[in-house]
Structures are given as structure tokens and as C-alpha cells.
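Have a look at the structure below before the remarks.
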Amino acid sequence: GAVVSQHPSRVICKSGTSVKIECRSLDFQATTMFWYRQFPKQSLMLMATSNEGSKATYEQGVEKDKFLINHASLTLSTLTVTSAHPEDSSFYICSARAGTVDNEQFFGPGTRLTVL
Amino acid sequence: GENVEQHPSTLSVQEGDSAVIKCTYSDSASNYFPWYKQELGKRPQLIIDIRSNVGEKKDQRIAVTLNKTAKHFSLHITETQPEDSAVYFCAPTDSWGKLQFGAGTQVVVTP
């Protein structure tokens, strides 16, 4: 099956710093990538959708200036958490999809962010 | 937007018994209905999916049934094993192809 990687798997940072998370589709071209956040014992919450070469579309309540998304190529999307605070500590997961809207999404392994 | 409800929130079964989880949704434009299994700290893993042109799909001990008229689909696990213990999510897509995750069902299979 298709493989999606994420880097880093874990990151600990100080409050006020910025953190960049990379999501890569390793063996297919991802026309669309999605970013999710998951708090402990909760479901996945979609943060934003990004299509290669265009601006990301953010879900209601997600601050676009705080969570910067770049989808520069068909195999790479990045999420930057700017000026991170302890409440941003969460499990961030990306997924990638090729082709049409009913195609399977392939998930990355997730990034555990801890902000001190 | 899509309103997704998943029941039950927790499910304890004896090894060898069956487990059923139900998911209801509101968007009549939904066409893709996957079920994911997530173990603690891991990514969601697709275990079975169904599209709107079929009513049932089976893969060994796992099956999914879809009722588009009633807007619900269910996950069936037969002959449960301890390794089936995990959180299960339904995630029907909306008209934009975005997965709308249910709240999850914690399944515990006791030996």
C-alpha cells in the first residue's frame, strides 16, 4: 500500500518557539493532503486541507496565521506551529490522497508535540 | 456540515464473541464510508471501507453494512481476539471528500 511519512515523530519545544512538521508521500503523488489534530482520548479533528500549489483551506476555528501550511510539491506538505503554547501540545497527523475525493486517504504515523 | 454519531462509545466483549459498532451520518452526498482502527499512539489504520453502490462488504472476520436510505453504516467483527482491542472510528466523507470522524468506540476484548 501507499506510504506516508512524518517527521519528526516527537518534538519538545519551549513556549513561544515555532515547530515545523513534514509530511511526505513516499510512493505516490498526493494531490491533496490533510492535517489533523488529536487530543488524548479524543477523535481526530481536521485542521486544514491543502492542494499542491494552492493555499490551504482551514476548518472553522483553526487560526491560519498560527498553523501555517505549505504544500509545495505533490509529495510534501509542511505544518508550522508558530509561537507554540502549552495548549498546542497534541498529536498531529497528516494524511495524503491521490486523485478523486472518494479515494482512500493514507495516514502518516503522527507527530507528538509537547510545548513546555 | 456532516453530523456523525457513533455508538457505543465503549464495548467490552469476551474473546470469540462478535462486536458491532454503528455510525449514523447526515450528509446525503456522502459516498465513501471507511472504518479505522487506532491503537494508542499510532496512526489510524483503514480496516474496511464501502462505497455507496454496495450494501455490504466482508473481509475475513470484518464486515461493513451500509444503509444509505437510513444514513447509517455498521462495523461487524466476528470471533473477536485480544488483538482486536483498540479504538475504532467511522469517518464518512462529506461532499468535498473530507473525512468526518466519529467520536470513536473503545473496544476491549477480554480473554
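Going line by line, the protein sequences match chains G and D. The numbering used here puts the first sequence at residues 29 to 144. The numbering used here puts the second sequence at residues 11 to 121. Just so you know, even glycine gets a beta-carbon here, dropped at the ideal spot from N, CA and C.
- Taking Lys67(D) as the centre and dropping the five residues before and after it, the same chain places the C-beta of Ile60, Val74 closer than 6 Å to its C-beta, in chain order.
- In this structure, the CA atom of Asp69(D) is about 44 Å from the CA atom of Thr110(G).
- Pairing Ala30(G) with Phe62(G), the inter-Cα distance amounts to about 15 Å.
- Close CB contacts of Arg71(D) within its chain, under the 7 Å cut and outside five residues either way in sequence, are with Ile87, Thr88, Glu89 (chain order).
- When secondary structure is reduced to three states using DSSP, Asp27(D) falls in the coil class, being assigned neither helix nor strand.
- For Asp59(D), the closest Cβ of chain G is nearer than 8 Å.
- Leaving aside the five residues that flank Asn77(D) on each side, the residues in its chain whose CB is nearer than 8 Å to its CB run, in chain order, Gly65, Phe83.
- Residue contact with chain G for Pro18(D): absent (no Cβ-Cβ distance below 8 Å to any residue of chain G).
- Taking a Cβ-Cβ threshold of 9 Å, the residues of chain G close to Tyr42(D) are Val129, Asp130, Asn131, Glu132, in chain order.
- Collapsing the DSSP output to three states places Pro137(G) in coil.
- Only residues of its own chain outside the window of five on either side were considered, and among them Ser33, Thr103, Leu104 have a CB closer than 6 Å to the CB of Arg52(G), listed in chain order.
- Looking from the CA of Asn79(G), the closest CA among Thr59(G), Thr142(G), Gln66(G) belongs to Thr59(G).
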